[in-house]
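> Going down the list, the protein sequences come from chains A, B and C. The numbering of the first sequence is the numbering used here, which starts it at 176 and goes up by one. The numbering of the second sequence is the numbering used here, which starts it at 2 and goes up by one. The numbering of the third sequence is the numbering used here, which starts it at 1046 and goes up by one.
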Amino acid sequence: MASLNVLVRRHGLSIATHAILFVGSLVMAYPFVYGLLAGMSTLVEFSRSIFLPIPGRLSLDNLNAVFAGADFGVMFRNSTIISAWYAFFPSLLALTSGYAFARLNFPGKNVAFLLLLASLMVPGQVSIVPIYIMVARWPLLGGNNILGQGGSGMIDTWWALLSLGLVNAYAIFFVRQAIRTVPYEYDEAARMDGAGVLRIIFQIYLPMLKPVMATVAVLSTIIGTSAINKWNDYFTPLIFTNGGPLNTIALGATNFAGAVLANGQPNYPLLFMGASISMIPTILVFLIFQRYLVQGFAMTGVKG
Amino acid sequence: MSNGVIGQTGQPTFPAAPLVGQQGRFWTRARREGLTGWLLVGPVMVYYAVMGLIPMGAVVVLSFVRWTGFSGSPEWVWLHNYKLLWDFPLYRDVFVHTLYIGGSILLASLAISFFIALLLNARIRGRGIYRTIWYLPAVVSFAITSQMWNAFLDPTNGLFNTILRWAGQPAINWQLSAFWMTFWIIVLSTWKGVGGTMIIFLAGLQGIDPTLYEAGKIDGANRLALLRYVTLPSLRPVTVFAVISGMLGAMQIFEPVQLLTRGGPFDSTTVVVYSIYKNAFLNSSFGLASAMSVVFALLCLAFTVFQLTVVGRRTD
Amino acid sequence: MSRVLRILASLVVLVSVLAGSARPFHASTAAAAAKKVLVMTLANPYVDPAIYLNDKTKKTDPADYSNAQLTKRIFAMFYKMHPDYVIKPVNWGWSDALRQKILLNVAAGTGPDVITGEDFFPEFARDGILVPVELGPLQKEIAPATLSVGMYDGKTYAVPAESGIFELFYNKTLFKQAGLDPNKPPATWDQWLADSKKIAALGHGISGTATEVNTGLGASFRLAPFMRQVGGDFTSKDGMKITFNSPGNLKAFTFLRQLTATQVPGLSSATDEGKWFAAGWWANKAGFVVDGPWEIASSQQFKLNFGVAPLPVAPGGHPANVVVGNQMFAVMKASKNQQAALDLVRIFGTEAASRLNYKYTGRLPINLNVLNNDVMKAGGPISVFAEGLKVPGITGLPAYPANPANIWDIFYNLQVAALATNQPIANLLATAQSNAEAQLAQ
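#1: Within 8 Å, do at least three Cβ pairs link the region 1334-1346 of chain C to the region 1142-1150 of chain C?
#2: If you check the beta carbons only, do C/Leu1183 and C/Gln1222 fall under 8 Å apart?
#3: Using a Cβ-Cβ cut-off of less than 8 Å, list which residues of the region 1136-1148 of chain C approach chain B; keep chain order.
#4: Check the C-beta distance from B/Ala144 over to B/Leu260 and give it rounded, since I have them as a contact under 8 Å.
#5: Chain A beta carbons: is any one of them nearer than 8 Å to that of C/Ala1076?
#6: Pull out every residue of the region 306-318 of chain A whose Cβ sits closer than 8 Å to any Cβ of chain B, in chain order.
#7: Less than 8 Å between CB atoms is the rule here; does B/Lys279 satisfy it with respect to chain C?
#8: Look up B/Lys84 in the DSSP assignment and say whether it is helix, strand or coil.
#9: Which residues, in chain order, does the region 1167-1186 of chain C contribute to contact with chain B at a C-beta distance below 7 Å?
#10: Secondary structure at C/Met1196, three-state DSSP: helix, strand or coil?
#11: What's the call for C/Met1126, buried or exposed, on a 16-neighbour Cβ count within 10 Å?
#12: Can you tell me the Cα-Cα spacing of C/Thr1086 and C/Tyr1445, whole angstroms?
#13: So what's B/Gly53 in DSSP terms, helix, strand or just coil?
#14: If we ignore side chains and look at the alpha-carbon of each, how far apart do B/Ala179 and C/Val1461 end up?
#15: Mapping the DSSP letters down to three states, classify C/Ala1471 as helix, strand or coil.
#16: Taking the continuous alpha helix (DSSP H) assigned at A/Lys385, which residues delimit it?
#17: With 8 Å set as the bound, which would you pick, yes or no: does the beta-carbon of A/Phe461 sit closer than that to a beta-carbon of chain C?
#18: For the beta strand (DSSP E) that C/Ser1252 lies in, which residues bound it at each end?
#19: The region 29-41 of chain B: which residues have C-beta closer than 8 Å to a C-beta of chain A, in chain order?
#20: Leaving out five residues on either side along the sequence, give the residues of the same chain with a beta carbon under 7 Å from the beta carbon of B/Thr69.
#21: Between C/Val1176 and A/Gly317, what straight-line distance do the alpha-carbon atoms span, to the nearest angstrom?
#22: Can you tell me where the alpha helix (DSSP H) with C/Lys1243 in it begins and where it stops?
#23: What residue does the alpha helix (DSSP H) around B/Ala216 start on, and which one ends it?
#24: Could you say if the region 164-181 of chain B and the region 219-226 of chain B meet the contact criterion of at least three C-beta pairs nearer than 8 Å?
#25: Excluding the 5 residues preceding and the 5 following B/Met182 in the sequence, name in chain order all residues of the same chain whose CB lies nearer than 8 Å to its CB.
#26: Which residues does DSSP pair with C/Ile1187 in a beta bridge?
#27: Looking at the structure shown, is C/Ile1392 part of a helix, part of a strand, or coil, going by DSSP?
#28: Let me see if you follow: with CB-CB separation under 8 Å, is C/Asn1467 close to chain B or not?
#29: Under 8 Å between C-beta atoms, does A/Trp334 make it to chain C?
#30: Quick check on B/Ser286 - is its C-beta less than 8 Å from some C-beta in chain C?
#31: Give a yes or no on contact between the region 1398-1409 of chain C and the region 1155-1175 of chain C, applying the rule of three or more CB pairs nearer than 8 Å.
#32: C/Ala1075 by DSSP, collapsed to three states: which one?
#33: Taking the Cβ atom as the reference point for each residue, do C/Ser1241 and C/Leu1304 lie within a distance shorter than 8 Å?
#34: Taking the DSSP output, what are the residues bridged to C/Asp1017?
#35: Helix, strand or coil for B/Arg67, going by three-state DSSP, please let me know.
#36: Hey, how far is the Cα of C/Gly1434 from the Cα of C/Ala1188?
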């Protein structure tokens, strides 16, 4: 039995680690599993569930109901376009301006940076009104004259979906941190070879910062406009469009959250199916890009 | 091009520039650099000025008026809204609730994510899968998960009460208990946010120089001591980053409150962002909502500056 | 693994772009460009025929298919009057989301021509964003109670499409079990309380009266009729003063607290209306419930043996009620097509449209001709509602002059404390009154 003691002492910590992680993962993943199963259950099966709903058969009936009256092709296409755009453009801006904040000296640099940071602190609930007015009164769009009167501006057009939130202060902050950890010698060497700023950014730093850019562009950050954040964004299409040809998956899925049965009770299986469907693409994208995730943060976090 | 350009920390230093530079040109190196900087940052700042600063400025200005937000003309009331925020326990409590709900979320997610990051840092099999599962809640929409949680909290059919009944306990009516709804809001938000901070800590842990651990072990330190004297100090800059982004996330929760409690039984879970939304759109009390936004932003700013300067600077 | 995922992802993106590329990218259509456009927000039971009137929906969503047919016929009535217009329906949700979108649109000056809603019309009229509706002879045809919810300062600003009030549902099976005559539902408070206690005495988790106790408008709705029967109310007649603390309210709350005591404890604190019904009334475990006309269909669906009776009246009180589920349509002042919009909303009040609504949805119609001819003649439970709608002086819930959400929260706290706890009701009323007045004084 001495060997058992040795075994436990040598591997005890590893067993405990596994146990904690495993149990924890079960807790974290539980709502997802529940949601997926509930989405495939009928109302009766759902009302009988205790720990997990047990669907009699893996029925996709709820899937049909979720997207009845809504054009799934359109929603998917729109969400994809929006996410792709927001993966690309804000990160591009973050890369160039992040470099500028990290490496270049220009008057007003610190003030500008502080102002950008301030955007992370003001909740958007009230500023939505001035923004909405601005969007609706944008000159020369949507039937507006040069003074912005007469039409509806960017409301209910692709402009509204693609032109808000292009400056991601969190991403700029991120890129700046990452570049600061890189020794200045790289810039020096490139300058000596006669490279201009743009070449330095794109030919030297971009390859180095691939994990950072992947993190900022795609993965869901706590605040900001990454591809995944935008995929889940139901608020912008809700407020700035009327759905229809501009509908997105996120907006469509939340509509089913309000779906009620004749007795006023929420139709839970339908709700869960809508939820599960809208989650699947983000999970897939995350799985693809996840190896960049830790590296991305590593490149910025250590030196502070 | 001289050595004086690279400073001690490997960052460029910027000597003061005379009006006419070394070769008698106006466009000195420093000036060209300034221009390049503004060419790169300029478009970003212009966009931000229009779409970000102007609305923010409007909010600040509107905090001094009484207005419905959509009709009638604004009435200038100076500091009256701020006075209301101070006088009414209803509004003061909003900040108090935000502080302890947000604070609990922050502490819980920092503690749990740090602990899990420590575990994940060890070389065990399947850690990629664990890492994925732990991060998963952060990837999905908060609104949708809140709706799912609503189903779980259902008094008769919901998951939690079903488990209680299965365990022989009476069902609890969560929605009528201020304590429980606060608890569930914290649990839901922590569940959502743990993944994000965990990744930050994981990244930080992976950046710690292993030779430091070696040195510690040679000196006879056990695991706990290593944690205290090597890991924690090395993680300080990462921790500052995690605390700031965690705080911003925790203090600004909205969807769980709007979808689960609507401010909670007896206003107990009314947090700042929800109160702002409620006052702006449901109470038609736009000036008050703006004032609340301003106060909240200032408090966040103060906290962030504190973190960056006082706590963060000790590493340099 | 990652490689496979990448390929999978690229395929998905390709498929989605291909699938979606044939569909329109923009909201406007060529047809609309030829005619003048009238934008109106729609809510259940009215849905966009262009989306829901097709074979696919007929199979998967028959309810919405039927609603689409109703909507199309209403639109047809409008097109007869204005062939040069095309109606563009938009779905802006309901309650909070709808309100937010309307307010934003008014702030920006964009906006629909016609809006729909239930409760915000007096408030919007007061804020000056609605156009008064001249009903002419139609005014006499519409039940006054259903119009009252859309009036401000003596003028009509919204036209109702359908309505509802509350009446007493009682379970005939439980009546028989408790030894009560199923053909003699209670007509007074005392009788109701006595009957309720008798049914509760049956035990086995059976409640006398299922009373809704939660922090929500549903519970407030069900308290209002009884407050009004004894002269109490939320506000004064002009809506400017809060009257939470009044002898009438004290009487009503005292009675309702006793009534709530006949409810099985777990049931009384269910917050989700659906759940509360599922565990009580629909499960044959409640003798009485106060609910609206929609409950008829639900109760039939659950095969209950039930009857509907007018609300029991207090000693010394008079019959009273509250209008609920009163969907209305109104015209925005910013509309550039006010005349056409006014014609459209007036249609909903006509006998023809009201009859269509009743035929397709079974909800309580608002046109007196339909009420008297179709509903009363048909008899049955719905006729009790039609009869009840004729009681004079019925209005909806109040629109508070300021901070309505906060004041409602104060009342919600009051209702839960008054019905479910033992705190002295007089104190609760006084506290609520002063808190609400403080909100108005802001």
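Quick reminder that beta carbons are idealized off the backbone N, C-alpha and C, glycines included. Fair warning: this is a prediction, and the values are worked out from it, not measured in the lab.
Looking at the coordinates:
#1: No: fewer than three Cβ pairs fall under 8 Å.
#2: Within the third sequence, residue 1183 of chain C is the residue found at index 138, counting from 1. Within the third sequence, residue 1222 of chain C is the residue found at index 177, counting from 1. No; because the gap between Cβ atoms is not below 8 Å, this pair is not in contact.
#3: Asp1141, Arg1144, Gln1145 and Leu1148
#4: For the purposes of this step, residue 144 of chain B is identified with residue 143 of the second sequence, where counting begins at 1. For the purposes of this step, residue 260 of chain B is identified with residue 259 of the second sequence, where counting begins at 1. With 8 Å as the limit, B/Ala144 and B/Leu260 qualify as a contact, their Cβ atoms being about 7 Å apart.
#5: Along the third sequence, read from residue 1 onward, the residue named residue 1076 of chain C stands at position 31. Confidence in C/Ala1076 is poor, its pLDDT being 49 and thus under 50, which makes the residue's placement too unreliable to answer from.
#6: Here the close residues are Ile306 and Met309.
#7: Within the second sequence, numbered from 1, the residue matching residue 279 of chain B stands at position 278. B/Lys279 counts as touching chain C.
#8: Taking the first residue of the second sequence as 1, we reach residue 84 of chain B at position 83. DSSP places B/Lys84 in helix when its eight states are reduced to three.
#9: Asp1172, Gly1173 and Ile1174
#10: As a first step, residue 1196 of chain C must be located in the third sequence, where it is residue number 151. Strand, per DSSP.
#11: Counted from its first residue, the third sequence places residue 1126 of chain C at position 81. Burial call: exposed.
#12: In the third sequence, counting from the first residue as 1, residue 1086 of chain C sits at position 41. In the third sequence, counting from the first residue as 1, residue 1445 of chain C sits at position 400. About 25 Å.
#13: In the second sequence, the residue the question calls residue 53 of chain B occupies position 52. Correct three-state label for B/Gly53: helix.
#14: By one-based count along the second sequence, residue 179 of chain B stands at place 178. By one-based count along the third sequence, residue 1461 of chain C stands at place 416. Roughly 13 Å separates the two Cα atoms.
#15: Translated into the one-based positions of the third sequence, residue 1471 of chain C becomes position 426. Three-state result, C/Ala1471: helix.
#16: Taking the first sequence and counting its residues from 1, one reaches residue 385 of chain A at position 210. Unbroken alpha helix (DSSP H) run through A/Lys385: Lys385 to Val393.
#17: Here residue 461 of chain A corresponds to residue number 286 of the first sequence, with the count starting at 1. By this cut-off, A/Phe461 is not an interface position.
#18: Here residue 1252 of chain C refers to the residue found at position 207 of the third sequence. That run of the beta strand (DSSP E) goes Ser1252 to Ala1255.
#19: Across the region 29-41 of chain B, CB contacts with chain A closer than 8 Å involve Ala31, Glu34, Gly35, Leu36, Thr37, Gly38, Trp39 and Leu41, in sequence order along the chain.
#20: By 1-based counting over the second sequence, the position of residue 69 of chain B is 68. Excluding positions up to five away in sequence, the list reads Ser285 and Phe287.
#21: Taking the first residue of the third sequence as position 1, residue 1176 of chain C is located at position 131. Taking the first residue of the first sequence as position 1, residue 317 of chain A is located at position 142. Going by the C-alpha atoms only, they are around 26 Å apart.
#22: For the purposes of this step, residue 1243 of chain C is taken as residue 198 along the third sequence, with counting starting at 1. From DSSP, the alpha helix (DSSP H) with C/Lys1243 extends over Trp1234 to Ala1245.
#23: To locate residue 216 of chain B, count along the second sequence from 1; it is residue 215. From DSSP, the alpha helix (DSSP H) with B/Ala216 extends over Pro211 to Ile219.
#24: no
#25: For the purposes of this step, residue 182 of chain B is taken as residue 181 along the second sequence, with counting starting at 1. If we look at B/Met182 and ignore the five residues flanking it on each side, its Cβ neighbours are Trp175, Gln176, Leu261, Thr262, Gly265, Pro266, Ser269 and Thr270.
#26: As a working note, residue 1187 of chain C is residue 142 in the third sequence. Answer is C/Asn1412, bridged to C/Ile1187.
#27: Locating residue 1392 of chain C in the third sequence gives position 347, where the first residue counts as 1. Residue state, collapsed to three classes: helix.
#28: Position 422 of the third sequence, counted from the start, is the residue given in the question as residue 1467 of chain C. Chain B contact via Cβ: absent.
#29: What you label residue 334 of chain A is simply residue 159 of the first sequence in a count that begins at 1. False, the Cβ-Cβ gap to chain C never drops below 8 Å.
#30: Locating residue 286 of chain B in the second sequence gives position 285, where the first residue counts as 1. B/Ser286 counts as touching chain C.
#31: Because the criterion of three Cβ pairs below 8 Å is not met, the region 1398-1409 of chain C and the region 1155-1175 of chain C do not touch.
#32: Looking up residue 1075 of chain C in the third sequence gives position 30. In this predicted model, C/Ala1075 has a pLDDT of only 45, less than 50, meaning its place in the structure is not dependable enough to derive any value.
#33: To locate residue 1241 of chain C, count along the third sequence from 1; it is residue 196. To locate residue 1304 of chain C, count along the third sequence from 1; it is residue 259. The answer is yes: Cβ separation under 8 Å.
#34: A question about residue 1017 of chain C goes unanswered here, because the residues of chain C that appear run from 1046 up to 1487.
#35: As a first step, residue 67 of chain B is located in the second sequence; it is residue number 66 there, counting from the start. B/Arg67 falls in the strand class under three-state DSSP.
#36: Along the third sequence, read from residue 1 onward, the residue named residue 1434 of chain C stands at position 389. Along the third sequence, read from residue 1 onward, the residue named residue 1188 of chain C stands at position 143. In the sequence as presented, Gly is not what sits at residue 1434 of chain C; that position holds Leu. Using only the alpha carbons, I get a separation of about 7 Å.
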